[in-house]
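Visitor: Residue numbers (my numbering), protein chains in the order written: chain A, 1 to 662; chain W, 663 to 849; chain G, 850 to 968.
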Amino acid sequence: MIVDAGNLAMVVALLVSVYGVLGSFLGGWRRSSALVESSRYALYSVPILLLISVYALVHAFVTRDFSVAYVVENSNLAMPTRYTWVAFYAGNAGSLLFIAFVYSVMAVGVAKSMVRRLPYTLPYATGLLGILLSFFLFVIVFLANPLDRLAFALPDGQGINPLLVHFGMFIHPPMQMAGLVSVALPFSIAMGALMAGRGGRDEWVDLGRIWGMVSWLILTIGLLLGSWWAYTILGWGGYWAWDPVENSALMPWLAMTAFVHSIMVQKRRGMFRMWNIVLVTVAFTLAQMGMFINRGGPVPSVHSFGQSTMGWLFLVFMGATLLGSLAVFAWRSGSLKSRERLDSILSRESAFLTQNVLFLAVAFVTRWGTIYPVISEATQGLTITVGRPFFDRVNGPILLVLVFLMGVGPLLPWRRASARNVLYALRYPLGSALIGVVFLLVIGVHQPVALTALAVIIMGVGGIVHEWMRGTRSRSHKGESYPVAFGRLLAANRPRYGGYVVHLSIAMLALGAIGSSFYNLQRDIPMRPGETRELGGYSFTYLGVSERAFPDRDEGTARFAVSKGDRDLGIMSTTRTFYRDFRIAATRAAIRSTPLEDFYIVPSEFGEDGQTVFRIYVNPLVWWMWASGPLLALGTLLAVSPRRRLAPAPVTVPDGMGLARV
Amino acid sequence: MGESGTQRDPFALVAIVGLVAVVLVLAACSTSSELPELEQRAQSINRVVMCPVCPGESIDQSQNPLALQMRGIVVEKLDQGWSNGDIYDFFVERYGPRVLLEPPTRGVNLAVWIVPLIGVIVGAALLFFVMRLMVRSSEERPGETKPEVVLTDEERERYFERIEAALTADGPATDSGDRDDEDEGVR
Amino acid sequence: MLVLIALLLVLLPAAAIVYPFFRRPDGEAPPDDEASDSRDLSRRWDAAVAGLRNTELEFSIGNLAENDYDWLKEQYMTEAALVLKTMELEEHQEQKLMQDVDHAVRGIRGDLESPEDEQ
Chain A
1 MIVDAGNLAM VVALLVSVYG VLGSFLGGWR RSSALVESSR YALYSVPILL
51 LISVYALVHA FVTRDFSVAY VVENSNLAMP TRYTWVAFYA GNAGSLLFIA
101 FVYSVMAVGV AKSMVRRLPY TLPYATGLLG ILLSFFLFVI VFLANPLDRL
151 AFALPDGQGI NPLLVHFGMF IHPPMQMAGL VSVALPFSIA MGALMAGRGG
201 RDEWVDLGRI WGMVSWLILT IGLLLGSWWA YTILGWGGYW AWDPVENSAL
251 MPWLAMTAFV HSIMVQKRRG MFRMWNIVLV TVAFTLAQMG MFINRGGPVP
301 SVHSFGQSTM GWLFLVFMGA TLLGSLAVFA WRSGSLKSRE RLDSILSRES
351 AFLTQNVLFL AVAFVTRWGT IYPVISEATQ GLTITVGRPF FDRVNGPILL
401 VLVFLMGVGP LLPWRRASAR NVLYALRYPL GSALIGVVFL LVIGVHQPVA
451 LTALAVIIMG VGGIVHEWMR GTRSRSHKGE SYPVAFGRLL AANRPRYGGY
501 VVHLSIAMLA LGAIGSSFYN LQRDIPMRPG ETRELGGYSF TYLGVSERAF
551 PDRDEGTARF AVSKGDRDLG IMSTTRTFYR DFRIAATRAA IRSTPLEDFY
601 IVPSEFGEDG QTVFRIYVNP LVWWMWASGP LLALGTLLAV SPRRRLAPAP
651 VTVPDGMGLA RV
Chain W
663 MGESGTQRDP FALVAIVGLV AVVLVLAACS TSSELPELEQ RAQSINRVVM
713 CPVCPGESID QSQNPLALQM RGIVVEKLDQ GWSNGDIYDF FVERYGPRVL
763 LEPPTRGVNL AVWIVPLIGV IVGAALLFFV MRLMVRSSEE RPGETKPEVV
813 LTDEERERYF ERIEAALTAD GPATDSGDRD DEDEGVR
Chain G
850 MLVLIALLLV LLPAAAIVYP FFRRPDGEAP PDDEASDSRD LSRRWDAAVA
900 GLRNTELEFS IGNLAENDYD WLKEQYMTEA ALVLKTMELE EHQEQKLMQD
950 VDHAVRGIRG DLESPEDEQ
């Protein structure tokens, strides 16, 4: 019965949301505040309705209601109870419901934030938010309903894809999906403002920036979690393969990173007005493309939800929104002249513009590499594979330049800088880079590319630390102690210092990427129980494998006694599970992670005669990649947190003072 | 302002630092690994050869029996003294050029590599010229201030005082008067 | 039971949707248009203040040469001053308008009241 309630709630949500779209646009056009408000309330009621549907679905999973087709397809009696709470977003239909719910909550947040600050833009923004929401609900209700019932209840379900039964896999898909859909938030604000004729005076920029950063944060966490999951579960010691689906999630992230920077220029100087609209539209289009590829587009991958034809519906929708955006843009572009001009090529504004171009270059290269096989097939009849080596080689340098820019950019003042002064400001970053290079050489880092990359990172970090020190010292002249001065410095300049914290976390990310790319050790080692081997300073003894059979799977756990030098590091175990029904094997690697390096064991082949081939990795600095996540979140939150505004105090002049009016 | 004799020329400083850094980096020799050379070569080859039946995975990544078999072939050929290029060609003969994850650097498919390079160069050039254009046209500044509102000198001073007072009252962001002594050189 | 839930699911959102149409007569002032001049001035003021603060910060940490600092400060201060002045002019205008309206209203009231005063 609760399933029926959930079903009904979805239908009502669809109707309400469609009303909201129509009412918003009509009310905005006709300036009917009652209609606008009514449509807003319609939007507010959607998350409540969808909560009921989500509850119904979770309830069905937890109570093992096998009369619901989707529960049958994604769970079974053998599934541990704790997984039933989250299994509902494992499959296509359930994940759509989940996205729709999360999106509706975020949309309400956006609408509420706009009521006071952007009252005339609000109807158009809610209309746009509602269009996407209605689309999702339409697909759910008519094409992929997770609450569809079977003719009769089955005794047991089919079980979940075993690769999904891991902590990371529970967080990554929802985060990733939420990230992709959240790009609609800044898009709706920007495009809504344009439609309302309120884009030419930067009205929407404050909220556009905030929601843009929220969206960016979710996207980044989603990507990081996906990499972390790939690293710990897929068993090849890597975290990013430039897989087409990974790339499709990366592209909107690249555009949004560009956007959150260039929007600052618009906020400060009223420039890049047209550019930002274009950028956020590109980001949204790429996000939709990401969702399309995820839903069973033309690319088979561990990511796709199966070869459904639904993907093409998403593609059509994407085309429609793109065309609509172009139309609105053409209609209103005349109102988007910049308020101010670029004063100098050497300035923070132009650094931001350069950064934008570089991020788009990475996006271009990624897109090019992804479609080239199609091109070569069409023109030569020959499929050329464009894989990881290509992307590493071509995007690597561009990303390195971006890291360099990340370090140098903040040293550039707004509006204009003299080359002399910039170089002077660079003295500490460069100095620390030089010292860093010497230090690295001494400790044995000799690979030129790694050295250069590390030097760039050190330069960036050095610049940030240098400014923090000077800023703190400058404030402490007023008698504040250093910690207090630092705290006040952060609080008084939140966007700037929040940005620095984010940049630091990106530097950590880059550090992890470089360490693990250039200095990783890998070896396939056949071992028998009792044997001891060594790699990278670690000594490990294979203790043996214990096997367990479960109703749906066979597990083999290999245990190792590990030590480094003369330090005993305890027992590490790695499990290889074979799921009989799915005929899939999943591995959980044994990983010992320290900030210095990861020691990683994964079984490769289990032989019959007791000999097993294990793949051993020593991956330096990977820890820094994952550690960057929390810091990144903190930095973003700091950057968006509001600061008390200094209100202008115009003096009311009594009549007769004779104000000169020229 | 401030070109005093005590100012060290930052250009020279940067040039020296940069030069030293570059020399150091170039003088670095390649890394030594604890793995024997053949094994290192095998690993780098394995990362480029794709498993034909797995979607986009290299034979290094994949646990597929065919991938394992191919890894064995790589080791065999290396022991026989084949060069990396020969081994790649061997697989290409059997499975076609798509078996390599890295697109070829010969022939018409060089386009894969060239196009991004051209794109970046063109993009950079475009960026530079566009910015130059934007700066040039900043001579005439329309601005959005109502053209009829203008400050007289006396007003200017009054307003500046008020704004300054409001800012300091609001809280010390930082006070420009507290600049460190060692920055004298830039003034 | 299901019927009850179904009714709730339909009626509650319907109520929310219909409510604004019946809530009109409280004479709320129309919201402040984000495109209005006063809002625009407000934004420009915020941008100028942020610029000033940032300039001070960058100068104090040594990223800015003194001549650049002076020039930037001049730019931002001028912008802030212009905004202030424009705001004051507009408020002055509004005040004047209010005063004129007040005069007119008093005049009319005076005409209306004086016949009664003669009683």
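Just so you know, even glycine gets a beta-carbon here, dropped at the ideal spot from N, CA and C.
1. Taking C-beta pairs closer than 7 Å, name the residues in chain W that Lys945 (chain G) reaches, listed in chain order.
2. Short check: CB of Ile435 (chain A) to CB of Leu535 (chain A), under 7 Å?
3. Hey, Ala664 (chain A) and Ile277 (chain A): beta-carbon distance below 7 Å or not?
4. Applying the criterion that 16 or more other CB atoms from any shown protein chain within 10 Å of the CB defines a buried residue, is Arg955 (chain G) buried or exposed?
5. Counting only beta-carbon separations shorter than 7 Å, does Arg645 (chain A) have a partner in chain W?
6. Which first and last residues belong to the alpha helix (DSSP H) in which Thr285 (chain A) is found?
7. The stretch 899 to 910 of chain G: which residues have C-beta closer than 7 Å to a C-beta of chain A, in chain order?
8. Look at the Cβ atom of Asn104 (chain A), then the Cβ atom of Val46 (chain A), and state whether they are nearer than 7 Å.
9. Establish whether the CB of Met850 (chain G) and some CB of chain W are separated by less than 7 Å.
10. Are any of the Cβ atoms in chain W nearer than 7 Å to that of Gly556 (chain A)?
11. Expressed to the nearest angstrom, what Euclidean distance is found between the alpha-carbon atoms of Asp960 (chain G) and Gln942 (chain G)?
12. Given that a residue counts as buried once 16 or more other Cβ atoms are within 10 Å of its Cβ, and exposed if not, what is Lys112 (chain A)?
13. What residues are listed by DSSP as bridge partners for Lys564 (chain A)?
14. Have a look at Asp568 (chain A) and Phe540 (chain A) and give me their C-alpha separation to the nearest angstrom.
15. What number of angstroms, rounded off, separates the C-alpha of Leu728 (chain W) from the C-alpha of Ala330 (chain A)?
16. I want to verify the contact list: residues of chain W whose CB lies under 9 Å from the CB of Thr383 (chain A), in sequence order.
17. I want to see whether chain A comes within less than 7 Å of Glu785 (chain W), judged by CB atoms only; does it?
18. Following the continuous beta strand (DSSP E) through Glu605 (chain A), name the residue where it begins and the one where it ends.
19. Could you confirm whether any beta carbon from chain G is found closer than 7 Å to the beta carbon of Val797 (chain W)?
20. Which bits of chain W does Ala987 (chain G) rub up against, with CB to CB less than 9 Å?
21. Tell me where the alpha helix (DSSP H) around Tyr44 (chain A) begins and ends.
22. Ile866 (chain G) to Val12 (chain A), Cα distance in whole Å?
23. Just checking, does the stretch 405 to 421 of chain A make contact with the stretch 474 to 484 of chain A on the three C-beta pairs under 8 Å criterion?
24. Hey, would you say the C-beta of Ile458 (chain A) is under 6 Å away from at least one heavy atom of the ligand PLP?
25. Pair every Cβ in the stretch 119 to 131 of chain A with every Cβ in the stretch 61 to 74 of chain A, then say whether three or more of these pairs are closer than 8 Å.
26. List the endpoints of the continuous alpha helix (DSSP H) containing Gln702 (chain W).
27. Does Gly805 (chain W) come within less than 7 Å of chain G when only Cβ atoms are used?
28. If you check the beta carbons only, do Lys945 (chain G) and Val811 (chain W) fall under 7 Å apart?
29. Indicate the three-state DSSP secondary structure (helix, strand or coil) for Ala178 (chain A) in the structure shown.
30. Using a Cβ cut-off of 7 Å (strictly closer), state whether Arg580 (chain A) contacts chain W.
31. Quick one: is Val848 (chain W) buried, meaning 16 or more other Cβ sit within 10 Å of its Cβ, or exposed?
32. To the nearest angstrom, how far is the alpha carbon of Asp751 (chain W) from that of Asp741 (chain W)?
33. Closest Cβ-Cβ distance between Asp882 (chain G) and chain A: below 7 Å?
34. In terms of residue numbering, what span does the beta strand (DSSP E) encompassing Pro526 (chain A) cover?
35. Could you work out which residues of chain A lie near Leu700 (chain W), taking near to mean beta carbons separated by less than 8 Å?
36. In chain W, what lies closer than 7 Å to Leu853 (chain G) by C-beta?
Guide: The answer reads as follows:
1. For the purposes of this step, residue 945 (chain G) is identified with residue 96 of the third sequence, where counting begins at 1. What Lys945 (chain G) touches in chain W: nothing, since even the nearest Cβ is about 17 Å away.
2. In the first sequence, the residue the question calls residue 435 (chain A) occupies position 435. In the first sequence, the residue the question calls residue 535 (chain A) occupies position 535. No; because the gap between Cβ atoms is not below 7 Å, this pair is not in contact.
3. Any question about residue 664 (chain A) goes unanswered here, given that chain A covers just 1 to 662.
4. As a first step, residue 955 (chain G) must be located in the third sequence, where it is residue number 106. Exposed is the call here.
5. Position 645 of the first sequence, counted from the first residue, corresponds to residue 645 (chain A). Not an interface residue.
6. The residue labelled residue 285 (chain A) in the question sits at position 285 within the first sequence. Arg273 to Asn294 is the extent of the alpha helix (DSSP H) around Thr285 (chain A).
7. Ala899, Gly900, Asn903, Leu906, Glu907, Ser909 and Ile910
8. Numbered from its first residue, the first sequence carries residue 104 (chain A) at position 104. Numbered from its first residue, the first sequence carries residue 46 (chain A) at position 46. Correcting the residue identity first, residue 104 (chain A) is Ser in this sequence and not Asn. Yes, the pair counts as a contact, with Cβ atoms nearer than the cut-off.
9. Residue 850 (chain G) sits at position 1 when you count from the first residue of the third sequence. No, because no Cβ of chain W sits closer than 7 Å to the Cβ of Met850 (chain G).
10. Indexing the first sequence from 1 puts residue 556 (chain A) at position 556. No, Gly556 (chain A) does not count as interfacial toward chain W.
11. The residue labelled residue 960 (chain G) in the question sits at position 111 within the third sequence. The residue labelled residue 942 (chain G) in the question sits at position 93 within the third sequence. The straight-line gap from Cα to Cα measures roughly 27 Å.
12. Here residue 112 (chain A) refers to the residue found at position 112 of the first sequence. The residue in question, Lys112 (chain A), is exposed, as its Cβ has fewer than 16 Cβ neighbours within 10 Å.
13. As a working mapping, residue 564 (chain A) is identified with position 564 in the first sequence. In the DSSP output, where bridge partners are listed per residue, Lys564 (chain A) has A:Tyr538 and A:Arg567.
14. The count along the first sequence starts at 1 and reaches residue 568 (chain A) at position 568. The count along the first sequence starts at 1 and reaches residue 540 (chain A) at position 540. Asp568 (chain A) and Phe540 (chain A): Cα-Cα distance of roughly 10 Å.
15. Taking the first residue of the second sequence as 1, we reach residue 728 (chain W) at position 66. Taking the first residue of the first sequence as 1, we reach residue 330 (chain A) at position 330. Approximately 55 Å, taken between the alpha carbons.
16. Counting from 1 along the first sequence, the entry for residue 383 (chain A) is found at position 383. Going along chain W in sequence order, the residues near Thr383 (chain A) (Cβ under 9 Å) are Gly758, Pro759 and Arg760.
17. Indexing the second sequence from 1 puts residue 785 (chain W) at position 123. Going by the sequence as given, residue 785 (chain W) is Gly instead of Glu. With 7 Å as the cut-off, Gly785 (chain W) counts as an interface residue toward chain A.
18. Numbered from 1 along the first sequence, position 605 holds the residue referred to as residue 605 (chain A). Unbroken beta strand (DSSP E) run through Glu605 (chain A): Glu597 to Phe606.
19. Within the second sequence, residue 797 (chain W) is the residue found at index 135, counting from 1. No - not a single Cβ of chain G is within 7 Å of the one on Val797 (chain W).
20. The shown model of chain G, from 850 to 968, leaves out residue 987 (chain G), and the question about it has no answer.
21. Along the first sequence, one-based indexing puts residue 44 (chain A) at 44. Residues Ser33 to Val62.
22. For this step, residue 866 (chain G) is matched to residue 17 along the third sequence. For this step, residue 12 (chain A) is matched to residue 12 along the first sequence. Using only the alpha carbons, I get a separation of about 13 Å.
23. no
24. The model depicted lacks the ligand PLP and carries no ligand whatsoever.
25. no
26. Translated into positions along the second sequence, residue 702 (chain W) becomes position 40. Looking at the DSSP string, the run of the alpha helix (DSSP H) that includes Gln702 (chain W) is Glu699 to Asn708.
27. The residue you call residue 805 (chain W) lines up with position 143 of the second sequence. Interpretation of Gly805 (chain W) is limited by its pLDDT of 49, a score under 50 that renders its predicted location unreliable; the figure taken from the coordinates is listed afterwards. No, Gly805 (chain W) lies away from the interface with chain G (no Cβ there is under 7 Å from its Cβ).
28. As a working mapping, residue 945 (chain G) is identified with position 96 in the third sequence. As a working mapping, residue 811 (chain W) is identified with position 149 in the second sequence. Cβ distance not < 7 Å, so Lys945 (chain G) and Val811 (chain W) don't count as in contact.
29. Within the first sequence, numbered from 1, the residue matching residue 178 (chain A) stands at position 178. In this structure, Ala178 (chain A) counts as helix in the three-state DSSP scheme.
30. Here residue 580 (chain A) is taken as the residue at index 580 of the first sequence, counted from 1. By this cut-off, Arg580 (chain A) is not an interface position.
31. Working through the second sequence from its first residue, we reach residue 848 (chain W) at position 186. With a pLDDT of only 32 at Val848 (chain W), under the threshold of 50, the placement of this residue in the model should not be trusted, and no figure is reported.
32. As a first step, residue 751 (chain W) must be located in the second sequence, where it is residue number 89. As a first step, residue 741 (chain W) must be located in the second sequence, where it is residue number 79. Answer to the nearest angstrom: the Cα atoms are 17 Å apart.
33. In the third sequence, residue 882 (chain G) corresponds to position 33, counting from 1. Asp882 (chain G) counts as touching chain A.
34. In the first sequence, residue 526 (chain A) corresponds to position 526, counting from 1. That run of the beta strand (DSSP E) goes Leu521 to Met527.
35. The residue you call residue 700 (chain W) lines up with position 38 of the second sequence. The premise fails here: Leu700 (chain W) is roughly 13 Å from chain A at the closest Cβ pair, so nothing lies under 8 Å.
36. Here residue 853 (chain G) is taken as the residue at index 4 of the third sequence, counted from 1. In chain order: nothing, as chain W lies at least about 51 Å away.
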